[in-house]
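The block underneath contains the structure these notes are about, expressed in structure tokens.
There are 2 protein chains.
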Amino acid sequence: MNVKTLCLAVLNSGNSTGYEIRKLVSEGHFSHFVDASFGSIYPALKSLGDDGLVTSREEQQIGKPNRKVYSITELGQREFLDALTKPAQKDNFKSEFLLLAMCAELIERDLVAQAIDRQIEYLEDEIASIDAEVREVNMVGADWVADYGRTCLGSGLKYIKENRGDLEKIAGTGLAGRQVLAAE
Amino acid sequence: MNVKTLCLAVLNSGNSTGYEIRKLVSEGHFSHFVDASFGSIYPALKSLGDDGLVTSREEQQIGKPNRKVYSITELGQREFLDALTKPAQKDNFKSEFLLLAMCAELIERDLVAQAIDRQIEYLEDEIASIDAEVREVNMVGADWVADYGRTCLGSGLKYIKENRGDLEKIAGTGLAGRQVLAAE
DNA sequence: TAGGCCATGTAACCGGTTACATGATTAG
DNA sequence: CTAATCATGTAACCGGTTACATGGCCTA
Numbered sequence: 001m002n003v004k005t006l007c008l009a010v011l012n013s014g015n016s017t018g019y020e021i022r023k024l025v026s027e028g029h030f031s032h033f034v035d036a037s038f039g040s041i042y043p044a045l046k047s048l049g050d051d052g053l054v055t056s057r058e059e060q061q062i063g064k065p066n067r068k069v070y071s072i073t074e075l076g077q078r079e080f081l082d083a084l085t086k087p088a089q090k091d092n093f094k095s096e097f098l099l100l101a102m103c104a105e106l107i108e109r110d111l112v113a114q115a116i117d118r119q120i121e122y123l124e125d126e127i128a129s130i131d132a133e134v135r136e137v138n139m140v141g142a143d144w145v146a147d148y149g150r151t152c153l154g155s156g157l158k159y160i161k162e163n164r165g166d167l168e169k170i171a172g173t174g175l176a177g178r179q180v181l182a183a184e
Numbered sequence: 001m002n003v004k005t006l007c008l009a010v011l012n013s014g015n016s017t018g019y020e021i022r023k024l025v026s027e028g029h030f031s032h033f034v035d036a037s038f039g040s041i042y043p044a045l046k047s048l049g050d051d052g053l054v055t056s057r058e059e060q061q062i063g064k065p066n067r068k069v070y071s072i073t074e075l076g077q078r079e080f081l082d083a084l085t086k087p088a089q090k091d092n093f094k095s096e097f098l099l100l101a102m103c104a105e106l107i108e109r110d111l112v113a114q115a116i117d118r119q120i121e122y123l124e125d126e127i128a129s130i131d132a133e134v135r136e137v138n139m140v141g142a143d144w145v146a147d148y149g150r151t152c153l154g155s156g157l158k159y160i161k162e163n164r165g166d167l168e169k170i171a172g173t174g175l176a177g178r179q180v181l182a183a184e
């Protein structure tokens, strides 16, 4: 999923500016499963315009900089539908926390506990922001996606809270055996 | 989390070759929360060697190409611990499926149903491979991580199976209203 | 008056992927 | 006989980020 398609997706549900797309995509409700920054969104929008997939009109504002409102064209809609027709790329998940958890035996207990605390806080924040953001998007599918997110994050959070003891128990147990391993 | 640190993490739990690291990291048990390819792992290993964080020795094999077995040094272990001490980067999750789900109203019902089928299959595969791979890693934390993965993926899978009807119901409902939106 | 928000845009940089080169062995 | 597995490595390329430039308005 490249930034162009992402822009089309957002614009497909209503007109928007580059600034707003970035906000939605990297702070708002979309931010939980996609991401993009100014440096890729503005060029993408420009290129989409060149290809006739979007149009734009400049809007004056009082006391604020002009904004360039983009709308998707029929061609753009077709392009977007096309992109969705081909099998979606698999989900992509990266987690430093899980890497640390995997290596727990080699890390001091305090450090592991700290990492767990931070992860819990992070997951709780994430869930809270889903609740807050879902109202800002006028798409029917948003509620379904929000529920899905709450479910997954919630079950992960519950697992960590209930089983953190097990991880903390094994923390540091590999430190003594390290010399043996190194000598091999 | 860059590839170098990732290599240190793997090597911290035992000696390994570039080939094996890639397998573990992009097909094996690590692959569910990190990723890297040959083109980044081999240069990373080389650079780690230059910095004295790992050592390597070449091993002859009969009927197979030589393998270069890397071991982490004490310096490397310290470096790795250091990397883990600073707060972990937040989890990073990307999902084309959720983007599609979010836009469900603008997509034909069949297409949505198809995407859901594929997502279910993907999640089931993912869970099955966790079960298969966890035995291949000799780290105590692996079981905890595997359980975490099963929990999260399982709850997501369950949600999709139970609520797919709701999503399919709203699929395509936005297609008629599109003209109105475009005219605005 | 300092910092944050609104708002658009560019250029340098970088981490990583893709594809290629090489080649023996083994399984189907 | 073909394809896959083992195994290491390089080079071109690319998508995207980071940081910068610009500047008015509003809030603390």
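Chains as they are written, first to last, in our numbering: chain Y, 1 to 184; chain G, 1 to 184. Every residue, glycine too, gets a C-beta built ideally from N, C-alpha and C. From a predicted model like this one, the values you see are computed outputs, not experimental measurements.
Pair within 8 Å by beta-carbon distance, residue i and residue j
i, j, result
"Thr5 of chain G", "Phe80 of chain G", "yes"
"Ile127 of chain Y", "Leu98 of chain Y", "no"
"Leu75 of chain Y", "Leu106 of chain Y", "no"
"Ala83 of chain G", "Leu100 of chain G", "no"
"Met102 of chain Y", "Met1 of chain G", "no"
"Lys158 of chain Y", "Ile120 of chain Y", "no"
"Ala58 of chain Y", "Lys68 of chain Y", "The amino acid occupying residue 58 of chain Y in the given sequence is Glu; Ala does not appear at that position. A contact, by the Cβ cut-off of 8 Å."
"Asp91 of chain G", "Ser95 of chain Y", "yes"
"Cys7 of chain Y", "Ile41 of chain Y", "yes"
"Leu11 of chain Y", "Ser56 of chain Y", "no"
"Trp144 of chain Y", "Asp166 of chain G", "yes"
"Gly196 of chain Y", "His32 of chain Y", "Chain Y is shown from 1 up to 184; residue 196 of chain Y falls before or after that span and cannot be answered."
Spatial neighbours of residue i in its chain, beta-carbon cut-off 6 Å, leaving aside the 5 residues before and after
i, result
"Leu111 of chain G", "none"
"Glu133 of chain G", "Gly28, His29"
"Gly39 of chain Y", "none"
"Thr173 of chain Y", "Glu105"
"Ala146 of chain Y", "Ile130, Val134"
"Thr85 of chain Y", "none"
Heavy atom of the ligand COA within 7 Å of residue i beta-carbon
i, result
"Ala36 of chain Y", "With respect to the ligand COA, the structure shown offers nothing to examine, as it has no ligands at all."
Same chain only: Cβ atoms within 7 Å of residue i, ignoring 5 sequence neighbours per side
i, result
"Pro43 of chain G", "none"
"Glu168 of chain G", "Arg109, Val112, Ala113"
"Gln89 of chain Y", "Met1"
"Ala9 of chain G", "Phe80"
"Glu136 of chain Y", "Gly28, His29"
Residue-chain proximity (residue i, chain G), Cβ-Cβ < 8 Å
i, result
"Ala9 of chain Y", "yes"
"Asn186 of chain Y", "A question about residue 186 of chain Y goes unanswered here, because the residues of chain Y that appear run from 1 up to 184."
"Ala183 of chain Y", "Bear in mind that a pLDDT of 40 at Ala183 of chain Y, under 50, signals an unreliable position, so the number given afterwards is only what the model happens to contain. No - not a single Cβ of chain G is within 8 Å of the one on Ala183 of chain Y."
"Lys161 of chain Y", "no"
"Glu59 of chain Y", "no"
"Ile170 of chain Y", "yes"
"Gly156 of chain Y", "yes"
"Asp166 of chain Y", "yes"
"Arg78 of chain Y", "no"
"Thr17 of chain Y", "no"
"Thr173 of chain Y", "yes"
8 Å Cβ cutoff, residue i in contact with chain Y
i, result
"Asn12 of chain G", "yes"
"Tyr70 of chain G", "no"
"Asp67 of chain G", "It is Arg, not Asp, that sits at residue 67 of chain G in the sequence shown. No - not a single Cβ of chain Y is within 8 Å of the one on Arg67 of chain G."
"Ala88 of chain G", "yes"
"Ala44 of chain G", "no"
"Ile21 of chain G", "no"
"Lys64 of chain G", "no"
"Asp91 of chain G", "yes"
"Ser95 of chain G", "yes"
"Gly115 of chain G", "Correcting the residue identity first, residue 115 of chain G is Ala in this sequence and not Gly. So, interface residue."
"Leu84 of chain G", "yes"
Cβ-based neighbour list, residue i, same chain, cut-off 8 Å, excluding 5 preceding and 5 following
i, result
"Gly156 of chain Y", "Leu123"
"Ser26 of chain Y", "Asp35, Ala36, Ser37"
Margin query: Short of 7 Å Cβ to Cβ, which residues in the segment 120–143 of chain Y face chain G?
Written below: Within the segment 120–143 of chain Y, Tyr122, Met139, Val140, Gly141, Ala142 place their CB atoms closer than 7 Å to a CB of chain G, listed in sequence order.
Checklist line | Minimum length 4: unbroken alpha helix (DSSP H) runs contained in the segment 131–184 of chain Y | finding: Those alpha helix (DSSP H) runs which fall completely within the segment 131–184 of chain Y and span 4+ residues are 141–170, 173–183.
Item checked: Members of the segment 98–111 of chain G near chain Y, C-beta cut-off 7 Å -> Under the 7 Å Cβ criterion, the segment 98–111 of chain G contributes Leu98, Leu99, Leu100, Ala101, Met102, Cys103, Ala104, Glu105, Leu106, Ile107, Leu111.
Item checked: Contact list for the segment 24–57 of chain G against chain Y, Cβ threshold 9 Å -> Listed in sequence order: His29, Phe30, His32, Phe33, Val34, Asp35.
Next item on the list: Output the residue ranges of the alpha helix (DSSP H) runs that lie fully inside the segment 59–115 of chain Y and measure 4 residues or longer, sorted by chain position.
Entry: Counting whole runs of 4 or more residues, the segment 59–115 of chain Y contains the alpha helix (DSSP H) stretches 74–85, 96–102.
Next item on the list: Taking only runs that begin and end inside the segment 2–29 of chain Y, name each unbroken alpha helix (DSSP H) of 4 or more residues, in chain order.
Entry: For the segment 2–29 of chain Y, whole alpha helix (DSSP H) runs of length 4 or above, ordered along the chain, are 3–12, 18–26.
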